[in-house]
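S.K.:
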Ligand code: NAD
C-alpha cells in the first residue's frame, strides 16, 4: 500500500499533508510513501529531506497512478487528479461545505473522498482532528499578527521614562482557536476577556486567567440544536442582547479576535460597523471566521482593511504561515487516521463503510456521493 502527496496547486497555502517525520511513521507500519517532487518545498521540506526518510520522489503522474491513498491539506481540483486510479482514497482537508460541485467531480473520478473536517468530536477521533490541530495554531497566529499591527505593546511596563498600561484583548468564540488566542494574549501580558454562546466555556476562560463576558442564554435563544460540542445558531433577540453587552466592552479593547463558527452555516455576525466606530483608532480586529462569511462587518477574506481607523484583518492563512508546525500536526492527523484502519496482517487499509468514523467522513464512494449531508445538496 502506498501513500502519496501531491504539490498543492491551490495558491497561498504552504502546508503539506505528508512530512518527513510522517514518512518514517508510515514506513514503520510497512506503508511506502510517494512524494511529488517539490510537494513539501513551501512548508520548508526539501525532496532530499523526504528521500532521507525513505520516501520515493516521483512525478505527479506516478504519485497519482501508484497511490492507494492520497493525503491533502486542501481539496485538489478535479483536473489535478486526472489519471488517478478509481478506488483511490483521497484523505484530508476537503472543505466539503465550500464547493459541492467538486464532490460530484470526485464521484465521477471514482475516488473515495474522505473529509477529515467531518470527524466527530470523540475521544477516538481527537488525534485525527485536523480542525483542532490547525485552529490551535491559527488562534496563536491571530494574536501574533495583531501585535505586529497594533501601535502599542501588550504587557504593562514600568520604565524610567514612565509606565505603560497593559493592552486589552477580547476573544469572541472560545473553541480551540479562541482558547489558544486567550493563552497567547495572556502570555504576552495583555488583560484578556472572552465570550461564547456555550456556557461551559466560562470556566475555561477563567482557568486561563481571563475574564468571561457573558450574556445569559434564555429559552428560545438557540435556533438550531447544538450538538457534539458545536454551537447552534442563535436568535435575533439573543444577538441584540449580546450586541448591547459587547458594544460597551469592545470600545475599550486594543485587540479583538473573533473565531465564532457554526458548522455548515455561515459564521454568525458578531461585530457591526457601528460598533467598530466606537473603538479606538489604531486598534486591531482579527476575524478568523472571514472565510466562512465573517464575524465582523467589512472584513475582507485574506486582507487587512481599515474602518474608522481600526485595522480589520480577515485572517485565512494563520496555520499556513506556521507551515512547519501546521504540516507536522496535519500529517500526524492523517497518519493517525490511516494507522487506525491499517490491517497489519492482511496489509490492507480496512476502512469498513459502516465504521462510525468512516461513515462520518466519506463523501464519495463507487462513483457516487454517499454522505447523507451532501447527497441531497447535490441532487
Ligand atoms: P468551532 O470552531 O465550531 O467554533 C468556535 C467557537 O465559536 C465555539 O466555541 C462556539 O461555541 C463559538 N460560537 C458560535 N457562535 C457564537 C456566537 N454567536 N457568539 C460567540 N461565540 C460563538 O469550535 P471548536 O473550536 O471546534 O470547539 C468547540 C468545542 O468542541 C470545544 O469545547 C472543543 O474543546 C471541543 N472539541 C472537542 C474535540 C474532541 O473531543 N475530539 C475536538 C475538537 C473540539
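In the UniProt record's numbering, the protein residues as written are 2 to 380. Where is the CB? At the ideal position from N, CA and C, for every residue including glycine.
Could you tell me whether the Cβ atoms of residue 272 and residue 298 are closer together than 8 Å?
M.R.: The sequence position of residue 272 within the chain shown is 271, counting from 1. The sequence position of residue 298 within the chain shown is 297, counting from 1. Yes; because the gap between Cβ atoms is below 8 Å, this pair is in contact.
S.K.: So the candidates are 79, 70, 262, 249; which of them puts its Cα closest to the Cα of residue 36?
M.R.: Translated into the one-based positions of the chain shown, residue 36 becomes position 35. Selected option, being the one with the closest Cα: 70.
S.K.: Nearest CA to the CA of residue 197: which residue from 231, 190, 165, 221?
M.R.: Locating residue 197 in the chain shown gives position 196, where the first residue counts as 1. Comparing Cα-Cα distances from residue 197 to each of 231, 190, 165, 221, the minimum goes to 231.
S.K.: What I want to know is whether the C-beta of residue 181 ends up closer than 7 Å to one or more non-hydrogen atoms of the ligand PLP.
M.R.: The model depicted lacks the ligand PLP and carries the ligand NAD instead.
S.K.: Taking buried to mean at least 16 other C-beta atoms within 10 Å of its own C-beta, is residue 173 buried or exposed?
M.R.: The count along the chain shown starts at 1 and reaches residue 173 at position 172. Answer is buried; the Cβ neighbour count reaches 16.
S.K.: Whole angstroms is fine: what's the gap from residue 222's alpha carbon to residue 269's?
M.R.: Along the chain shown, read from residue 1 onward, the residue named residue 222 stands at position 221. Along the chain shown, read from residue 1 onward, the residue named residue 269 stands at position 268. Looking at the two C-alpha atoms, the distance is approximately 14 Å.
S.K.: For residue 328, I'd like the list of residues in its chain whose CB is within less than 7 Å of its CB, leaving aside the five on either flank, ordered along the chain.
M.R.: As a working mapping, residue 328 is identified with position 327 in the chain shown. 16, 17, 20, 44, listed in sequence order.
S.K.: Counting C-beta neighbours from all protein chains within 10 Å, is the total for residue 345 16 or more, i.e. buried, or is it exposed?
M.R.: For the purposes of this step, residue 345 is taken as the residue at position 344 of the chain shown. Exposed is the call here.
S.K.: With distances taken from CA atoms, which of 308, 134, 2, 294 is nearest residue 282?
M.R.: Residue 282 sits at position 281 when you count from the first residue of the chain shown. Nearest option by C-alpha distance: 308.
S.K.: As an exercise, report each continuous alpha helix (DSSP H) stretch of at least 4 residues that is fully enclosed by the stretch 298-373, in chain order.
M.R.: Listed in chain order, the complete alpha helix (DSSP H) runs (minimum 4 residues) inside the stretch 298-373 are 324-341, 357-362.
S.K.: Roughly how many angstroms lie between the CA atoms of residue 240 and residue 325, to the nearest whole one?
M.R.: As a working note, residue 240 is residue 239 in the chain shown. As a working note, residue 325 is residue 324 in the chain shown. Straight-line Cα distance between these residues: approximately 39 Å.
S.K.: So the beta strand (DSSP E) residue 424 belongs to, where does it begin and stop?
M.R.: Within the shown structure, residues of the chain are numbered from 2 to 380, placing residue 424 beyond reach of any answer.
S.K.: When burial is assigned at 16 or more other CB atoms within 10 Å of the CB, is residue 348 buried or exposed?
M.R.: Taking the chain shown and counting its residues from 1, one reaches residue 348 at position 347. Counting Cβ neighbours within 10 Å, residue 348 comes out exposed, since fewer than 16 surround it.
S.K.: Would you report the Cα separation of residue 311 and residue 250, rounded to the nearest angstrom?
M.R.: The residue given as residue 311 occupies position 310 in the chain shown. The residue given as residue 250 occupies position 249 in the chain shown. Residue 311 and residue 250: Cα-Cα distance of roughly 15 Å.
S.K.: Can you tell me whether DSSP reads residue 111 as helix, strand or coil?
M.R.: The residue labelled residue 111 in the question sits at position 110 within the chain shown. Correct three-state label for residue 111: coil.
S.K.: Rank 62, 41, 27 by C-alpha distance to the C-alpha of residue 55 and give the top, closest one.
M.R.: Here residue 55 corresponds to residue number 54 of the chain shown, with the count starting at 1. Here the closest residue by C-alpha is 27.
S.K.: Hey, residue 117 and residue 129: beta-carbon distance below 8 Å or not?
M.R.: Against the chain shown, residue 117 aligns to sequence position 116. Against the chain shown, residue 129 aligns to sequence position 128. Yes, the pair counts as a contact, with Cβ atoms nearer than the cut-off.
S.K.: Let me confirm a value: residue 156 is counted as buried when at least 16 other C-beta atoms fall within 10 Å, else exposed. Which label applies?
M.R.: Position 155 of the chain shown, counted from the first residue, corresponds to residue 156. That one is exposed.
S.K.: Determine the direct distance from the alpha carbon of residue 211 to that of residue 296, and round the result to whole angstroms.
M.R.: Mapped onto the chain shown, residue 296 falls at position 295. Mapped onto the chain shown, residue 211 falls at position 210. So the two alpha carbons sit approximately 21 Å from each other.
S.K.: Can you tell me whether residue 123 is buried or exposed, with buried defined as 16 or more other CB within 10 angstroms of its CB?
M.R.: Looking up residue 123 in the chain shown gives position 122. Classification for residue 123: exposed.
S.K.: Could you compute how far the alpha carbon of residue 367 sits from the alpha carbon of residue 337?
M.R.: Walking along the chain shown from the start, residue 367 turns up at place 366. Walking along the chain shown from the start, residue 337 turns up at place 336. Near 24 Å, if we compare the C-alpha coordinates of residue 337 and residue 367.
S.K.: Tell me the rounded alpha-carbon separation between residue 150 and residue 194.
M.R.: Taking the chain shown and counting its residues from 1, one reaches residue 150 at position 149. Taking the chain shown and counting its residues from 1, one reaches residue 194 at position 193. About 20 Å.
S.K.: Just the Cα atoms here: how many angstroms apart are residue 77 and residue 47?
M.R.: By one-based count along the chain shown, residue 77 stands at place 76. By one-based count along the chain shown, residue 47 stands at place 46. Near 21 Å, if we compare the C-alpha coordinates of residue 47 and residue 77.
S.K.: Please go through the same chain and pick out, in chain order, the residues whose beta-carbon is closer than 6 Å to the beta-carbon of residue 301, but skip the five residues on each side of it.
M.R.: If you number the chain shown from 1, residue 301 lands on position 300. Correct list, in chain order: 315.
S.K.: Taking 7 Å as the cut-off, is the C-beta of residue 115 nearer than that to any heavy atom in the ligand NAD?
M.R.: Here the question's residue 115 lines up with position 114 in the chain shown. Answer for residue 115: no, Cβ out of range of the ligand NAD.
S.K.: Closer than 7 Å to a non-hydrogen atom of the ligand NAD - does that hold for the CB of residue 109?
M.R.: The residue given as residue 109 occupies position 108 in the chain shown. It does not: the Cβ of residue 109 is nowhere closer than 7 Å to a heavy atom of the ligand NAD.
S.K.: With distance defined between alpha-carbon atoms, name the residue in 200, 83, 263 nearest to residue 63.
M.R.: Here residue 63 corresponds to residue number 62 of the chain shown, with the count starting at 1. If we check each option's Cα against that of residue 63, 83 comes out closest.
S.K.: Can you find a heavy atom of the ligand NAD that lies under 7 Å from the Cβ of residue 133?
M.R.: Within the chain shown, the letter at position 132 stands for residue 133. Yes - the ligand NAD has a heavy atom lying nearer than 7 Å to the Cβ of residue 133.
S.K.: Taking only runs of the alpha helix (DSSP H) that begin and end inside the stretch 125-159, which ones reach a length of at least 4 residues, in chain order?
M.R.: You should have 131-150.
S.K.: Please name the residue in 80, 141, 6 whose C-alpha comes closest to that of residue 320.
M.R.: Looking up residue 320 in the chain shown gives position 319. Selected option, being the one with the closest Cα: 141.
S.K.: Taking 7 Å as the cut-off, is the C-beta of residue 261 nearer than that to any heavy atom in the ligand NAD?
M.R.: Counting from 1 along the chain shown, the entry for residue 261 is found at position 260. Yes, the ligand NAD has a heavy atom inside 7 Å of this Cβ.
S.K.: Give the list of continuous alpha helix (DSSP H) stretches no shorter than 4 residues that lie fully inside the stretch 7-48.
M.R.: Correct list: 21-30.
S.K.: Output the distance between the C-alpha atoms of residue 248 and residue 169, rounded to the nearest integer angstrom.
M.R.: Numbered from 1 along the chain shown, position 247 holds the residue referred to as residue 248. Numbered from 1 along the chain shown, position 168 holds the residue referred to as residue 169. Whole-angstrom Cα-Cα distance: 15 Å.
S.K.: From which residue to which residue does the beta strand (DSSP E) around residue 195 run?
M.R.: Counted from its first residue, the chain shown places residue 195 at position 194. Segment 192-196, the beta strand (DSSP E) holding residue 195.
S.K.: At the level of alpha carbons, what is the spacing between residue 461 and residue 364?
M.R.: This structure does not reach residue 461, given that the chain is present from 2 up to 380, and the question cannot be answered.
S.K.: Could you spell out the range, first to last residue, of the beta strand (DSSP E) harbouring residue 164?
M.R.: Residue mapping note: residue 164 aligns to position 163 of the chain shown, counting from 1. From DSSP, the beta strand (DSSP E) with residue 164 extends over 163-165.
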